[in-house]
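*Asks:* Provided herewith is a single structure, encoded as structure tokens, for subsequent inquiry.
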Amino acid sequence: MNQIEFIGIAGSGKTISTTILCDKFRKNKKKIVYINKFLFESRSQILRYFLAINLLFFALLFDISSIFSSFLTLLKLKTNIKISLNYLFQLSVLIILKKFSKFIHIYDQGIVQAVISLLASTENKMDKKCIKKLLIPRYLPSFLIKTYSPDEINFLRIKKRKDKRKSRMLRSEVDGKYWKNYLKAINRMEMILKEENTLIYQLDSNCSLAELNLRIDFIFSSLKNYFD
2 MNQIEFIGIA GSGKTISTTI LCDKFRKNKK KIVYINKFLF ESRSQILRYF
52 LAINLLFFAL LFDISSIFSS FLTLLKLKTN IKISLNYLFQ LSVLIILKKF
102 SKFIHIYDQG IVQAVISLLA STENKMDKKC IKKLLIPRYL PSFLIKTYSP
152 DEINFLRIKK RKDKRKSRML RSEVDGKYWK NYLKAINRME MILKEENTLI
202 YQLDSNCSLA ELNLRIDFIF SSLKNYFD
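Quick note: the sequence shown uses the numbering used here, first residue 2, plus one each step.
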């Protein structure tokens, strides 16, 4: 599948890095679909659920077994409803895009990040078998890019966000339980995906914009060879 996904803790530079990578693909005359998490975060609850229902409806038409199996797994977890919904949204988008689009799909946050959020919200108590049920092989990305920087830098970035959303990460702070659980979840996910031979690029975002551009350019050169 022509799918690239960014993962990382909040404030680690996923969105800006995704934007830079998308621009590089466009300049290289590649056709891409950019999926941003904010597609699923409309302030209007009516619009949000309207989008969710439509996505799930079409996804069920194309792959009812994956949706149903994932739904049962989420029910067993009894985790945060919003985080569970986000996972189902991401899975639905993947199913639909795989059916209709031959373009390169680039995710600011996709199915792997959604499972990481589930892991963190359950305090990493999900067993490996359960995690793998949600990481449906045919919908996993071809490449993962993990963004990271010091926790203090990440937290400052969250505090400076213009939207002022009171995220669980912001409330938890660097020394908080949820923050620590999220870091553990990312590390655990890396280990599981490496066992599946998924290629993960490490991207240190603690640098100037010009330097970040150069670092992403190095990753882009490797990815471009694959998609050529």
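Glycine included, each C-beta is placed from N, C-alpha and C at the ideal position.
Quick one: what's got a C-beta closer than 8 angstroms to THR80's C-beta in the same chain, skipping five residues either side?
*Replies:* Your numbering for residue 80 matches position 79 in the sequence shown. Here the set comprises LEU119, SER122, THR123.
*Asks:* Out of ILE17, PRO142, LEU98, point me to the one whose CA is closest to ASN198's CA.
*Replies:* Position 197 of the sequence shown, counted from the start, is the residue given in the question as residue 198. The shortest Cα separation from ASN198 among ILE17, PRO142, LEU98 belongs to PRO142.
*Asks:* For ALA115 and LYS103, I'd like the C-alpha separation in whole angstroms.
*Replies:* Taking the first residue of the sequence shown as 1, we reach residue 115 at position 114. Taking the first residue of the sequence shown as 1, we reach residue 103 at position 102. If I take the Cα positions, the gap works out to 23 angstroms.
*Asks:* List the DSSP bridge partners of GLU212.
*Replies:* For this step, residue 212 is matched to residue 211 along the sequence shown. DSSP, once it has assigned bridges, lists no residue as partnering GLU212.
*Asks:* Using the Cα positions of LEU78 and LYS133, report the straight-line distance between them to the nearest angstrom.
*Replies:* What you label residue 78 is simply residue 77 of the sequence shown in a count that begins at 1. What you label residue 133 is simply residue 132 of the sequence shown in a count that begins at 1. Approximately 14 angstroms, taken between the alpha carbons.
*Asks:* Extract the residue ranges of the beta strand (DSSP E) inside the segment 61 to 109, only unbroken runs of 3 or more that lie entirely within it.
*Replies:* Whole beta strand (DSSP E) segments, 3+ residues: 105 to 108.
*Asks:* Within the same chain, show all residues whose beta-carbon is closer than 8 angstroms to that of THR74, passing over the 5 residues directly before and after it, in chain order.
*Replies:* As a first step, residue 74 is located in the sequence shown; it is residue number 73 there, counting from the start. Contacts found: CYS131, LYS134, LEU135.
*Asks:* Which residues bound the beta strand (DSSP E) around GLU196?
*Replies:* As a first step, residue 196 must be located in the sequence shown, where it is residue number 195. First-last for GLU196: 178 to 196, but that is the alpha helix (DSSP H), not the beta strand (DSSP E).
*Asks:* Check whether the Cβ atoms of ILE107 and CYS23 lie closer than 7 angstroms to each other.
*Replies:* Sequence index remark: in the sequence shown, residue 107 carries index 106 (1-based). Sequence index remark: in the sequence shown, residue 23 carries index 22 (1-based). Yes, they are a contact pair.
*Asks:* Compare the beta carbon distance of LEU95 and ILE112 with 7 angstroms and say whether it is the shorter of the two.
*Replies:* Here residue 95 refers to the residue found at position 94 when the sequence shown is read from its first residue. Here residue 112 refers to the residue found at position 111 when the sequence shown is read from its first residue. Yes, the pair counts as a contact, with Cβ atoms nearer than the cut-off.
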